[in-house]
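Comments concern the structure below.
There are 2 protein chains.
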Amino acid sequence: MDTPDAGARADPQGAGGEFELIARLTRGLESRPDVVLGVGDDAALLDLGAPDLLVATCDAQVAGRHFMPGLSSPGEIGHKALAVNLSDVAAMGGEPLWALVSLLLPPGVDATLLDDVYTGMRALARRFGVALVGGNVASTDGPLAIDLTLLGRARRGAALLRSGGRPGDPLLVTGELGAAAAGVLAFVTAPGLHGIPPDLLERAHRAMAAPEPRVAEGRALAASGAVTAMLDISDGFAADLAHLCERSGVGAMVDAARVPVSPVATAVAAADGRDPLGLALTGGEDYELLFSVAPDRVDVALAAVQTAGGSAMVVGELTPPELGLRLREPDGSVRPLIPGGWDHLRKWP
Amino acid sequence: MDTPDAGARADPQGAGGEFELIARLTRGLESRPDVVLGVGDDAALLDLGAPDLLVATCDAQVAGRHFMPGLSSPGEIGHKALAVNLSDVAAMGGEPLWALVSLLLPPGVDATLLDDVYTGMRALARRFGVALVGGNVASTDGPLAIDLTLLGRARRGAALLRSGGRPGDPLLVTGELGAAAAGVLAFVTAPGLHGIPPDLLERAHRAMAAPEPRVAEGRALAASGAVTAMLDISDGFAADLAHLCERSGVGAMVDAARVPVSPVATAVAAADGRDPLGLALTGGEDYELLFSVAPDRVDVALAAVQTAGGSAMVVGELTPPELGLRLREPDGSVRPLIPGGWDHLRKWP
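Going down the list, the protein sequences come from chains A and B. Heads up: the first sequence begins at 1 in our numbering, then just goes up one per residue. Heads up: the second sequence begins at 1 in our numbering, then just goes up one per residue.
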């Protein structure tokens with residue numbers, strides 16, 4: 001939510017980018033006691049007077065921007081429309097519950113294609129205990145778009161924000177990085193690369209077209225009490241680390257040697273003559289969780305992720321803000337870590 | 001929600017219309033105790049364990065379909081994007097609380113236009129106590145679209161569904177009908193009509209571009225305990241009456257002489273040589289509330305609407321289902337009342 005992924009950076013005239021646009025449009029919103037957390041995190045936290053807080057987020061997938069109809073199957077398109085929202089609820093440590101699905105349909109769209117989109121979406125919904133409770137259908141002269149609002153719940157005081165990180169907190173990330181960007185590279189921007197093992201090529205496609213949200217990991221981390229700040233990586237590790245640091249008022253040092261580069265990224269980068277670390281740090285759309293923990297709680301956090309069936313790695317630590325975002329190379333040298341996703345994702349060819 | 005308005009009937013190949021499409025895509029959804037009411041009413045009712053139920057709905061406004069950028073001001077576009085959702089929450093007798101706004105932006109959209117869209121939306125939000133709590137921005141190669149999810153609350157057991165109407169229940173409607181359709185006629189499909197008083201023309205424009213949702217009336221009716229079934233009129237009086245009758249398993253007799261035809265509709269219809277009753281019954285987008293009440297509670301319901309600052313009229317009554325939807329003409333003759341909105345709204349020129 002309100003951190004649109006790298007696949008569709010909006011860039012209105014005069015607004016200077018989408019984060020600036022969101023800030024501009026939502027400037028001066030009044031605070032209210034029932035709005036525990038509004039614009040500016042992965043999801044809103046709302047107080048309906050229940051024991052738990054309501055978690056609410058929305059994210060849209062647009063044909064030609066977030067997915068290519070010829071590259072993603074209809075089932076994968078439906079999967080991803082829900083998955084990116086599940087990832088936002090996961091990033092709060094929340095439990096997803098209910099989805100509203102809004103379809104914008106171009107003229108003459110085939111109903112059987114929509115059947116398949118819903119089959120993919122409903123399969124993922126069942127796996128994560130999400131009920132489809134409503135939605136809307138409207139026609140458009142533009143491309144197919146699926147806008148999904150996901151609602152869930154989080155224990156009062158246990159939801160994980162972007163803003164709680166402190167200098168000295170170890171920085172961790174779940175899973176592996178760079179596979180989705182490797183998929184975009186192998187299937188969209190540089191198709192026809194040679195020498196990529198077929199199983200890795202298939203994993204690259206899946207990472208790009210049907211990402212797996214880290215819901216169980218997020219809930220386990222929220223329950224662990226170890227986490228000080230968390231978000232999901234949709235814009236790329238470096239860009240989302242910058243978001244965490246900005247909201248927490250800290251800097252960060254990332255240890256290049258510890259970054260869990262996906263073997264998929266390594267294979268695709270090698271075939272294209274690129275540095276796989278670049279795919280891992282700035283490729284985007286990995287939908288892993290990036291989080292900081294209290295210095296004495298690393299083991300607790302790692303155990304929580306493991307119990308949830310996942311994996312996580314310490315990749316660095318938070319620092320005082322004036323040090324900015326930095327990367328320690330394997331040879332010990334230190335350089336600035338530049339945020340920013342892949343600009344070629346801006347508009348797919 | 002899931003009753004898209006007459007301005008944008010989607011018509012995918014092989015699906016036979018959008019209500020059939022929604023039924024097809026959501027077939028076989030499992031029931032869950034936390035989903036008190038799912039797909040098929042104006043909004044979903046969800047149980048988070050709070051004293052009140054959560055009300056959730058979404059509706060999209062697409063340029064060229066739901067609004068014409070040259071005809072509606074940016075402020076009106078923002079107003080309407082929220083108003084149509086407020087109307088859905090009103091139709092449940094709910095209290096609106098929180099909105100998530102998802103923007104699809106065409107290339108090169110002007111940020112100052114978006115400022116104005118948000119100014120209109122935020123002004124209406126303030127009037128109805130709605131907090132903007134999140135959203136999303138994505139780019140598209142298609143037209144500007146604003147998809148809005150509105151969340152609110154309703155007292156447990158007091159939310160008003162479409163399904164509670166019984167034969168013999170008087171049928172009522174708030175406000176006046178046909179003004180929005182008169183606006184579409186005067187400004188879109190038959191521009192240049194002569195002899196319409198300027199103040200009525202202005203009202204026609206406002207009804208089309210910036211409808212007023214009946215939130216206070218809806219809440220007062222829910223609190224009155226008099227209502228047996230309710231929905232909002234977005235698809236047109238006759239089409240939405242058909243929805244109420246279908247969900248309640250009843251028929252209806254409407255008394256033509258009692259239908260509150262807007263003077264706006266009368267003036268515009270006269271200028272175009274039409275029957276104003278046609279605009280009132282099938283024009284669509286009036287965003288008034290259509291409801292049935294227990295036979296001995298008409299006065300209670302009328303008093304509730306009046307206390308909320310609105311007006312309502314008895315326009316007929318529910319009947320056994322086998323009698324269908326009927327219209328009693330002023331001369332006493334009876335004919336079938338044919339649902340269906342204005343097909344020329346399907347795609348604006």
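Don't be surprised by glycine CBs; every beta carbon is placed ideally from N, CA and C. All values derive from a computational prediction rather than experimental measurement.
### Task
Decide if I77(B) is buried, meaning its Cβ has at least 16 other Cβ atoms within 10 Å, or exposed.
buried
### Query
Considering only residues of the same chain and omitting the five flanking positions on each side of L104(A), which have a CB-CB separation below 6 Å?
A138, T140 and A145
#### Entry: Residues within the region 208–237 of chain A neighbouring chain B, beta-carbon criterion of under 7 Å
none
### Residues in the region 314–340 of chain B having any Cβ partner in chain A nearer than 7 Å
none
### Query
Under the rule that 16 or more other beta-carbon atoms within 10 Å means buried, what is I338(B), buried or exposed?
exposed
#### Entry: Delimiting residues of the beta strand (DSSP E) encompassing A252(B)
G251 to D255
### Query
How about P211(A) and Y118(A): do their beta carbons lie closer than 9 Å?
no
### Contacts that I22(A) makes with chain B (C-beta to C-beta distance below 8 Å)
G135 and V137
#### Entry: DSSP-derived helix/strand/coil call for M92(B)
coil
### Three-pair Cβ contact test at 8 Å for the region 285–302 of chain B versus the region 263–272 of chain B
no
### Message
Quick check on DSSP: helix, strand or coil for V334(B)?
### Response
strand
### Task
For P194(A), count neighbouring Cβ atoms within 10 angstroms of its own Cβ and tell me buried if that reaches 16, exposed if not.
Here the sequence assigns His to residue 194(A), which means Pro is not the residue at that position. When all chains shown are included, H194(A) counts as exposed.
### Task
Assign P198(B) to one of two classes, buried (16 or more other C-beta atoms within 10 Å of its C-beta) or exposed (fewer than that).
exposed
### Query
Can you name the residues of chain A whose CB is closer than 8 Å to the CB of A60(B)?
S102, L104, N136, A138 and D147
### Query
How about E329(A) and A256(A): are their beta carbons less than 9 Å apart?
yes
### Selected residue, minimal CA-CA separation from L45(A), among A158(A), H79(A) and G28(A)
A158(A)
### Query
Does the region 85–101 of chain A come close enough to the region 146–165 of chain A to have 3 or more Cβ pairs within less than 8 Å?
yes
### Task
Check whether the Cβ of G93(B) lies closer than 9 Å to any Cβ atom in chain A.
no
### Query
Under three-state DSSP, which class holds A229(B)?
strand
### Task
With D59(B) as the anchor, note down where its beta strand (DSSP E) starts and where it stops.
D52 to V62
### Message
Just to confirm my understanding: we take R335(B), look at its own chain, exclude 5 residues before and 5 after, and list those with CB closer than 8 Å. What are they?
### Response
R326, L327 and E329
### Query
When you compare only the Cα positions, how much space is there between L37(A) and P263(B)?
46 Å
### Task
Pull out every residue of the region 272–294 of chain A whose Cβ sits closer than 9 Å to any Cβ of chain B, in chain order.
none
### Task
Consider the Cβ of E18(A): report whether some Cβ of chain B lies at a distance smaller than 9 Å.
yes
### Query
Can you list the beta strand (DSSP E) stretches of 3 or more residues lying completely in the region 182–250 of chain A, in chain order?
227–232
### Query
Does the separation of the CB atoms of D59(B) and V84(B) fall below 9 Å?
yes
### Message
Just to confirm the assignment, what range does the beta strand (DSSP E) spanning G135(A) have?
### Response
A131 to S139
### Query
What number of angstroms, rounded off, separates the C-alpha of A223(A) from the C-alpha of T282(A)?
30 Å
#### Entry: Beta-carbon proximity list for E20(A), same chain, < 7 Å, skipping 5 on both sides
none
### Message
Using only CA atoms, which one of L231(B), L244(B), L171(B) and G49(B) lies nearest to V315(B)?
### Response
L171(B)
### Task
Tell me, to the nearest whole angstrom, how far the beta carbon of G236(A) is from that of C245(A); I am working on the premise that it is less than 8 Å.
Their Cβ separation, rounded to whole angstroms, is 14 Å, which puts G236(A) and C245(A) out of contact at 8 Å.
### Query
Between which two residues does the alpha helix (DSSP H) harbouring L318(A) extend?
That residue, L318(A), is in no alpha helix (DSSP H); its beta strand (DSSP E) goes A312 to T319.
### Message
For chain B, check one thing: does any of its Cβ atoms lie closer than 9 Å to the Cβ of L114(A)?
### Response
yes
### Message
So, for L323(B): in the same chain, excluding its five sequence neighbours on each side, which residues have a beta-carbon less than 6 Å away from its beta-carbon?
### Response
G251
### Min CB distance L29(B) to chain A below 9 Å
yes
### Query
L345(A) by DSSP, collapsed to three states: which one?
For L345(A), the predicted model reports a pLDDT of 29, less than 50, meaning its position is unreliable; a value from the coordinates is still stated below. Helix.
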